[in-house]
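Visitor: Under my numbering, the very last position in the sequence shown is 421; numbers go up by exactly one each time. Note that beta-carbon positions come from the ideal geometry of N, C-alpha and C, so glycine has one too. Being a predicted model, the structure only gives us computed values, none of them experimental.
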Amino acid sequence: MSTRYIRYFTTALRISAATFLLSHAAAWAQAAYLSPPGACAPYGLNALPSPHDAGELPWWFLSNEQGDSKIDFFSATLPILAADQHVLWGVDSRILTQMKPSSATSLIGPEAAFYIVREHVIKPNPYRGAVGRRIEVIGAARVSGAQTTVLNGVSTVPLVIRTTRDEVNLSDRLLPLDCMVVGSVPASPSSVPLDPTKAAKIKVLLNNAYVGERNAIALIDQGQDHGLAVGQVWQLVDEVSNQPASAKAFGRVRVLQVLEHSSVVYVDRAVHEVEVGTALRFWSAEETLKGVVKAVQP
Numbered sequence: 124m125s126t127r128y129i130r131y132f133t134t135a136l137r138i139s140a141a142t143f144l145l146s147h148a149a150a151w152a153q154a155a156y157l158s159p160p161g162a163c164a165p166y167g168l169n170a171l172p173s174p175h176d177a178g179e180l181p182w183w184f185l186s187n188e189q190g191d192s193k194i195d196f197f198s199a200t201l202p203i204l205a206a207d208q209h210v211l212w213g214v215d216s217r218i219l220t221q222m223k224p225s226s227a228t229s230l231i232g233p234e235a236a237f238y239i240v241r242e243h244v245i246k247p248n249p250y251r252g253a254v255g256r257r258i259e260v261i262g263a264a265r266v267s268g269a270q271t272t273v274l275n276g277v278s279t280v281p282l283v284i285r286t287t288r289d290e291v292n293l294s295d296r297l298l299p300l301d302c303m304v305v306g307s308v309p310a311s312p313s314s315v316p317l318d319p320t321k322a323a324k325i326k327v328l329l330n331n332a333y334v335g336e337r338n339a340i341a342l343i344d345q346g347q348d349h350g351l352a353v354g355q356v357w358q359l360v361d362e363v364s365n366q367p368a369s370a371k372a373f374g375r376v377r378v379l380q381v382l383e384h385s386s387v388v389y390v391d392r393a394v395h396e397v398e399v400g401t402a403l404r405f406w407s408a409e410e411t412l413k414g415v416v417k418a419v420q421p
């Protein structure tokens with residue numbers, strides 16, 4: 124199979140996934156907003172925190188630093204089981220899931236939907252420990268017309284994969300849409316004043332790559348202890364050693380999640396690739412206004 128065909132096929136799946144998920148986003152989001160905090164309990168699951176929505180599909184970063192990684196991925200999701208002899212599945216494939224207690228089946232209506240989610244352990248390099256885990260949505264599944272069975276208090280529910288941007292395998296998991304928590308709790312402001320002269324650095328890209336570009340997600344080496352806050356905008360800069368005045372901006376990032384010693388940022392713009400070690404400098408509201416004024420001047 125040619126590289127061009129693989130790229131075309133992958134792009135088509137991604138568009139299909141985004142179209143399907145977005146077309147149901149309003150209803151799903153409304154259901155999630157109305158769901159009580161214990162909505163996952165009937166499924167026998169713990170709840171994940173509110174997901175990030177920067178990018179095509181929802182995702183989570185559970186940090187070892189913050190203690191979020193104590194939230195067990197397996198205790199917050201349901202397993203995927205084979206419904207036939209296959210171990211890799213695509214669109215329209217039939218799969219199974221199991222849940223306990225069996226009373227959860229009363230929640231599974233004909234329109235019940237599930238996110239298909241995948242976990243990635245994030246390491247700065249192969250020789251260092253993990254800094255956390257990124258959980259991403261790769262597709263969606265719905266209840267099929269087949270009958271749910273109950274044996275020894277465990278319900279087995281048949282599902283059909285409606286869309287996916289990658290092949291689904293047994294290590295992937297299912298997240299009931301009823302368990303989605305929409306709308307994050309406002310972050311507490313840092314008691315430490317921000318030093319706008321102090322540059323930050325990219326510690327690791329959260330896709331486990333060494334380079335990225337626009338829409339990349341990264342972990343930087345400053346957090347609450349440096350005065351960072353959710354919503355701040357920082358510039359990506361090319362620096363010359365020992366010549367800080369010669370630094371040139373080539374893009375910008377937005378702060379999505381602030382931890383004690385680090386933060387998660389989303390690359391809004393970049394004219395070339397970012398990488399581990401790329402420098403960032405705070406972009407103040409005054410600088411933003413100057414840029415707008417300059418852009419509209421004749």
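Between the alpha carbons of Pro198 and Ser186, how many angstroms are there, rounded?
Guide: In the sequence as presented, Pro is not what sits at residue 198; that position holds Ser. One C-alpha to the other measures close to 17 Å.
Visitor: Any idea if Glu347 is buried or exposed, counting beta-carbon neighbours within 10 angstroms, 16 or more meaning buried?
Guide: Going by the sequence as given, residue 347 is Gln instead of Glu. Gln347 is buried by the Cβ-count criterion.
Visitor: Indicate whether Val397 and Leu379 have their beta-carbon atoms separated by less than 8 Å.
Guide: In this structure, Leu379 does not lie closer than 8 Å to Val397 by Cβ.
Visitor: By Cβ distance below 6 Å, which residues in the same chain neighbour Arg375 in space, the five residues on each side in sequence not counted?
Guide: Answer for Arg375: Val356, Gln358, Asp391 and Arg392, listed in chain order.
Visitor: Quick check on Ser314: buried or exposed, where buried means 16 or more other Cβ atoms within 10 Å of its Cβ?
Guide: Ser314 is exposed by the Cβ-count criterion.
Visitor: Leaving out five residues on either side along the sequence, give the residues of the same chain with a beta carbon under 6 Å from the beta carbon of Glu336.
Guide: The residues are Ala393 and Glu396.
Visitor: With distances taken between CB atoms, is the gap from Ile343 to Gly400 smaller than 8 Å?
Guide: No, the Cβ-Cβ distance between Ile343 and Gly400 is not below 8 Å.
Visitor: Taking its Cβ as the centre, do 16 or more other Cβ atoms sit within 10 Å of Val254, making it buried, or is it exposed?
Guide: Burial call: buried.
Visitor: May I ask you to verify whether the segment 172-186 touches the segment 265-273, counting CB pairs closer than 8 Å and requiring at least 3?
Guide: With a cut-off of 8 Å, the segment 265-273 and the segment 172-186 do not count as touching, because too few Cβ pairs lie within range.
Visitor: Cβ of Val260 within 8 Å of Cβ of Val240?
Guide: In contact: Val260 and Val240 (Cβ atoms closer than 8 Å).
Visitor: Could you tell me the boundaries of the beta strand (DSSP E) in which His354 lies?
Guide: One point to set straight first is that residue 354 is Gly, not His, in the sequence displayed. Note, Gly354: premise wrong, no beta strand (DSSP E); not H, not E.
Visitor: Under the three-state reduction of DSSP, which class applies to Pro202: helix, strand or coil?
Guide: Three-state result, Pro202: strand.
Visitor: For Phe237 versus Leu297, is the C-beta spacing smaller than 8 Å?
Guide: Yes, they are a contact pair.
Visitor: Determine the DSSP secondary structure at Tyr389, reduced to helix, strand or coil.
Guide: Strand.
Visitor: Cα separation between Ser294 and Val334?
Guide: Rounded to the nearest angstrom, the two C-alpha atoms are 26 Å apart.
Visitor: Just list the residues that DSSP pairs Gln380 with in beta bridges.
Guide: Val387.
Visitor: Quick one, are the C-beta atoms of Glu188 and Leu382 less than 8 Å apart?
Guide: Yes, Cβ-Cβ distance for Glu188 and Leu382 is below 8 Å.
Visitor: Cα separation between Asp207 and Asp215?
Guide: Cα-Cα distance, rounded: 13 Å.
Visitor: Going by the CB atoms, is the gap between Gly213 and Thr287 shorter than 8 Å?
Guide: The answer is yes: Cβ separation under 8 Å.
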